[in-house]
Every structure is written in C-alpha cells, then in structure tokens.
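Peer 1:
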Amino acid sequence: MSRILVTGATGYVGGRLVPRLLSEGHVVRCLVRSPGKLNHVAWNGQVEIVKGDVGNVPPLTMHDIDTAIYLVHGIGDGEDWVAKEVRDAENFRRSAEAAGVGRIIYLGGMGTDDPSLSEHLSSRHAVGRMLAAGPIPVAELRAAVIIGSGSASFEMLRYLVEVLPVMVTPKWVTTKSQPIAISDVLDYLVRAIEAPEALTGIYEIGGPDVVSYAEMMTMYAQEAGLKRRRLIPVPVLTPRLSSHWVGLVTPVPASLARPLVASLVNEVVVRDSRTIDTLGAPQRTLRDAIRLALGRTRSGDVPTAFTAADLQPFRAYETDPSWAGGTELIDERTRTTEASVEKVFAALCSLGGDTGWHSGEWLWRVRGFIDVLWGGPGLRRGRRDPRALVIGDYVDFWRVEDLRAPEYLRLHAEMLLPGDAWLEWTVNASSEGTTIVQRARFKPRGLWGRIYWYAVLPFHSLVFPGLLRGVIKQARSTNS
Numbered sequence: 073m074s075r076i077l078v079t080g081a082t083g084y085v086g087g088r089l090v091p092r093l094l095s096e097g098h099v100v101r102c103l104v105r106s107p108g109k110l111n112h113v114a115w116n117g118q119v120e121i122v123k124g125d126v127g128n129v130p131p132l133t134m135h136d137i138d139t140a141i142y143l144v145h146g147i148g149d150g151e152d153w154v155a156k157e158v159r160d161a162e163n164f165r166r167s168a169e170a171a172g173v174g175r176i177i178y179l180g181g182m183g184t185d186d187p188s189l190s191e192h193l194s195s196r197h198a199v200g201r202m203l204a205a206g207p208i209p210v211a212e213l214r215a216a217v218i219i220g221s222g223s224a225s226f227e228m229l230r231y232l233v234e235v236l237p238v239m240v241t242p243k244w245v246t247t248k249s250q251p252i253a254i255s256d257v258l259d260y261l262v263r264a265i266e267a268p269e270a271l272t273g274i275y276e277i278g279g280p281d282v283v284s285y286a287e288m289m290t291m292y293a294q295e296a297g298l299k300r301r302r303l304i305p306v307p308v309l310t311p312r313l314s315s316h317w318v319g320l321v322t323p324v325p326a327s328l329a330r331p332l333v334a335s336l337v338n339e340v341v342v343r344d345s346r347t348i349d350t351l352g353a354p355q356r357t358l359r360d361a362i363r364l365a366l367g368r369t370r371s372g373d374v375p376t377a378f379t380a381a382d383l384q385p386f387r388a389y390e391t392d393p394s395w396a397g398g399t400e401l402i403d404e405r406t407r408t409t410e411a412s413v414e415k416v417f418a419a420l421c422s423l424g425g426d427t428g429w430h431s432g433e434w435l436w437r438v439r440g441f442i443d444v445l446w447g448g449p450g451l452r453r454g455r456r457d458p459r460a461l462v463i464g465d466y467v468d469f470w471r472v473e474d475l476r477a478p479e480y481l482r483l484h485a486e487m488l489l490p491g492d493a494w495l496e497w498t499v500n501a502s503s504e505g506t507t508i509v510q511r512a513r514f515k516p517r518g519l520w521g522r523i524y525w526y527a528v529l530p531f532h533s534l535v536f537p538g539l540l541r542g543v544i545k546q547a548r549s550t551n552s
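In this note's numbering, the protein residues as written are 73 to 552.
#1: If Leu423 and Gly440 are in contact, beta carbons under 8 Å, what's the gap, nearest whole angstrom?
#2: Check whether the Cβ of Ile277 lies closer than 8 Å to any Cβ atom in chain C.
#3: Are the stretch 256 to 265 and the stretch 88 to 97 in contact at 8 Å, needing three or more beta carbon pairs?
#4: Looking only at C-alpha atoms, which of Ile218, Arg263, Glu287, Leu271 sits nearest to Thr247?
#5: In three-state terms, what does DSSP make of Pro305?
#6: Less than 8 Å between the beta carbons of Glu295 and Leu229, yes or no?
#7: Which two residues bound the contiguous beta strand (DSSP E) that contains Phe514?
#8: Give me the Cβ distance between Ile252 and Ala211, rounded to the nearest whole Å; I'm assuming they're in contact under 8 Å.
#9: Between the alpha carbons of Gln201 and Ser194, how many angstroms are there, rounded?
#10: What do you reckon, are the CB atoms on Pro375 and Gly108 nearer than 8 Å?
#11: Sorted by chain position, which residues of the same chain lie with C-beta nearer than 7 Å to Val100's C-beta, five sequence neighbours on each side aside?
#12: Note down the Cα distance separating Arg105 from Asp465, rounded to an integer number of angstroms.
#13: Cutting at 8 Å between CB atoms, please list the residues of its own chain near Arg166, excluding the five before and the five after it.
#14: Hey, out of Val543, Gly521, Leu271, whose CA is closest to Trp429's CA?
#15: For Val85, which of helix, strand or coil comes out of DSSP?
#16: Find the nearest neighbour of Glu96 within the set Arg359, Ile219, Arg196, Arg263, judged by alpha-carbon distance.
#17: Which residue's Cα is closest to the Cα of Ile254: Val85, Leu435, Trp470?
#18: According to DSSP, simplified to helix, strand and coil, what is Lys299?
#19: Starting from Tyr491, trace the beta strand (DSSP E) both ways and give me its first and last residue.
#20: Please classify Glu479 as buried or exposed, where buried requires at least 16 other C-beta atoms within 10 Å of its C-beta.
#21: For Leu351, collect the residues of the same chain with a Cβ closer than 7 Å to its Cβ; drop the 5 residues on either side in sequence, then sort them by chain order.
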C-alpha cells in the first residue's frame, strides 16, 4: 500500500486511475482545480480531495506522499500554453522535492526528438525533462493514441468514420502509430507505481498492433458494422486545414484539434523492448480496444470523457483588462407554476441533447452550426445522461458550472464568444406555487462583446420565453 497523489483526477485518465488504485488498496489524495466535479463519483468519500493547481502546489499538499502521478496537460490553454506547461512542471517538481516525495510517474506522449516533432509532442517531452531535472526518480510513460470510450482520439476516429463514407484525407493517414487501450495504460501506470524499486527514464507504451491511421479507420468501420469507407489522400490539406475539418465533423473543437492533428504527421511507435522487459506486455489488441470502446459508447457506460477535463481552449478570458469585462448584461425572466419545485428542477436538468430547448430550435441549431464553423463544439456533444446532471457535465455547447438541487442550476457557455455567457435558473417555493427566475448573463469582452449582445438581443424574445414555458409545461406533465 502506498500513499499516492493523483493530479488530473477530473480528467480522462485520472478519473479511471483513481478507482483502480483504490481497488489495489492504495491511499489516494486528488489535487484538482474544480473539486465540485468529483461530487458525483462513486469513490468521492474514499479519497482526500485538495483544491489546487499544479503550477502552485504548497509542499504541505504532498506531505507523506510516496508517489505523485502527473496527468495534467495544458494543451491549447492560451497562446503561451507550451511555456506554461514547462513552468507548471517545474513548480510541481520543486514542491515534490520540498515535501520529500519518493517518486513521480508522468504520462506523456510518444515520438522521436527531432526538429520535425510537433509542438504538442515537443511540449510533452519538455514536461518530462523538467520533472526529471531534480533528484526524485521519474518514470515517464510515453503513449501514442489512447483508445477507449470517451477519449479524444477515439471520438475523433468514431465521428470521422461514422459521419463520412468518403473522406478526402491529408497525407498523415499513412503515418504509422501504435495505439494502446486505456485499460493497458492503466495497467502500466499501476505497475510503475507498484514496482519494488523506483523506475527512472522513458518507457514507451503501445499496444501489440502497428497501423496507419487509414488502417485504424478501416478497422473501426468493420467493428461498427459500417460499409467500406473510401479514403482519397490529397497533399494540400495542412494540419491547420485538417483541424477545421475535424472540428466540423467531430466533437473535438478546431482549437483543440489543431495541435492534436499536427502531431499525426509524426510516427509514434515503440522503438525498444524496455517497457515489456520491465513492466510486461500489453493485453488488448487494437481491434479488442475498439470493440470494447464501441460497446461502452453504445450502452452509455462511459466512466470518463475528454470533455470533462478542466481544460477547455475557449474558457475564461483571464488576461482581459478590467474595462473589457466589467459590465454584465442580463436578460431576466420570471414565471410561477403550480408544479412542484422538484419537478421543475428535473425539467431543467433534462434540457439539451434529445430534449432540446423547447423554443426556437432552428435558432439553436443555426447558432450551433456557426459555432462549429468558428471552431467551437456546437451542439454535437449532446449530454452524458438524458435526465441527470452533475457539475462538469456538458450540455450541447454549455457546461454545468454549479448545481444545487432542487434550487439552482448554472450553465457556462463554451461556444466561441467575445465574452463570457451563463444561463442560470433559481427555483423557489412561494405562496403562489413555484417561482422560477431565469437569467441569461453575459460579460462582454471589449467593444465586440457589446456589439454581439445587442446583435442577438432581438432573438432572445424568440428563444428565452419559450424556453421557460417549455420547462413549466414539462414539469406540469410529470407533476403528481
């Protein structure tokens, strides 16, 4: 049994690693920026949760920690995200040294260090070097494409193959890769943690199959029972153009797809037997991994997804000057109904996805399409669950920022906007029944933010009153 600090526990890999570690009998402490995102997980009461950021970790947070797991990735987080990743890694390492941490295990990205290496993979390697620059033993596990339900790589693959029977593809579809199942990634992480002697150096982890991206697409189509997909490679699709194409078709926005797609030109295959000699062989073939991920996706059994991570490329404008966002513009509407508070809140929690937004659906679809064209998520993400919400869930191009059942729900917009937008509801019992206050709040970013608000203001009367009426109608229909 070890005492383990897990960073990135709200992310795709971290959210699956923590319950695995608990099942192995380890004591786990989670360092997260948004503790509320862990309120709904089954293992919440079995771990210690500390709010914090890897770029500024008090040594006390790592007190009595045997192993620190570094799963944080700053991809696309501002223009200087590459430099910030390295700074954060240095701060984390220094805090670990001061606290006397025994070992660090880092999950990075595969690839050969040469001038052709993409910015994304170069940054992953730079983080590994910075973590290893001190006296603490560091094991850097370098993975290529991770295949699992909800992973960014799998979702890109799934949407591209299912949506497009014919694909005009860039040259990178012929690049060789060594995909690995998420279950094997977790196995390797646990083996590195439980190794009797602290591991040091680089361990490339890959599955048993080396394939091109075109071959991977063909394999997915076969497992999904789709007709043969035809690929037409062309030499003119640059990574930037490809990222817009990926952003149009998949739930991965162009701003996040761009650094990922740029990495696809680099061959990522295991070059030696060190990992197998030390940690053993992977268990799942690529076909097995796709089949399992596809089954979980179809059944809705997706424990974690890349969209749940704290990082969103179109999040907060933290560097805006004070004059840019000091004003908050609000559209507020109030209605009263005889439906119970609980039924009203349940109706609010079912918005989006297949339920839709009750009014002006074509306007919502147009806004979603425009968002996709600009590189945002649009409406394609839908919902994790058709009825239940937890903090951190995505709802079309919104994300649940706050939820206090049955009184308050706040959604934060992740569509591309010249400012920050929220949609929130307060539900209270009153002498007349149940009162609902609905607010659309917008903090404009400079002049363009204000122009945007007043340009869309006329459409509010076509959308927001009907939205509130639809919620009340749904609550009444289920009220007993």
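C-beta atoms are modelled at their ideal positions from N, C-alpha and C, and glycine is treated no differently.
Peer 2: Quick look at the numbers:
#1: As a position in the sequence shown, residue 423 is number 351, starting the count at 1. As a position in the sequence shown, residue 440 is number 368, starting the count at 1. About 14 Å separates the two Cβ atoms, so there is no contact after all.
#2: The structure shown has no chain C; it contains just one protein chain.
#3: yes
#4: The residue labelled residue 247 in the question sits at position 175 within the sequence shown. Comparing Cα-Cα distances from Thr247 to each of Ile218, Arg263, Glu287, Leu271, the minimum goes to Glu287.
#5: Here residue 305 refers to the residue found at position 233 when the sequence shown is read from its first residue. Correct three-state label for Pro305: strand.
#6: As a working note, residue 295 is residue 223 in the sequence shown. As a working note, residue 229 is residue 157 in the sequence shown. The answer is no: Cβ separation not under 8 Å.
#7: By one-based count along the sequence shown, residue 514 stands at place 442. It spans 505 to 516 - the beta strand (DSSP E) in which Phe514 sits, taken as one unbroken run.
#8: Here residue 252 refers to the residue found at position 180 when the sequence shown is read from its first residue. Here residue 211 refers to the residue found at position 139 when the sequence shown is read from its first residue. Incorrect: roughly 16 Å between the Cβ atoms, too far for contact.
#9: As a working mapping, residue 201 is identified with position 129 in the sequence shown. As a working mapping, residue 194 is identified with position 122 in the sequence shown. In the sequence as presented, Gln is not what sits at residue 201; that position holds Arg. The alpha-carbon atoms of Arg201 and Ser194 are separated by roughly 11 Å.
#10: Residue numbering aside, residue 375 sits at position 303 when the sequence shown is read from its first letter. Residue numbering aside, residue 108 sits at position 36 when the sequence shown is read from its first letter. No. Outside cutoff.
#11: Taking the sequence shown and counting its residues from 1, the one referred to as residue 100 is at position 28. Only Ile76, Val78, Val90, Leu93, Leu94, Val119 meet the Cβ criterion.
#12: Stepping through the sequence shown from its first residue, residue 105 is reached at position 33. Stepping through the sequence shown from its first residue, residue 465 is reached at position 393. Taking the straight line joining both Cα atoms gives about 15 Å.
#13: By 1-based counting over the sequence shown, the position of residue 166 is 94. The residues are Gly206.
#14: In the sequence shown, counting from the first residue as 1, residue 429 sits at position 357. It is Val543.
#15: Counted from its first residue, the sequence shown places residue 85 at position 13. DSSP places Val85 in coil when its eight states are reduced to three.
#16: Here residue 96 refers to the residue found at position 24 of the sequence shown. Closest by alpha carbon: Arg263.
#17: On the sequence shown, residue 254 is found 182 positions in, with the first residue counted as 1. Taking only the C-alpha atoms, the option nearest Ile254 is Val85.
#18: As a position in the sequence shown, residue 299 is number 227, starting the count at 1. The answer is coil: DSSP assigns Lys299 none of H, G, I, E or B.
#19: Taking the sequence shown and counting its residues from 1, one reaches residue 491 at position 419. What sits at residue 491 in the sequence shown is Gly, not Tyr. First-last of the beta strand (DSSP E) with Gly491: 491 to 502.
#20: Residue mapping note: residue 479 aligns to position 407 of the sequence shown, counting from 1. Exposed, since its Cβ has fewer than 16 Cβ neighbours within 10 Å.
#21: Taking the sequence shown and counting its residues from 1, the one referred to as residue 351 is at position 279. Closer than 7 Å at the Cβ level, and outside the excluded window around Leu351, lie Tyr260, Arg263, Ala264, Tyr275.
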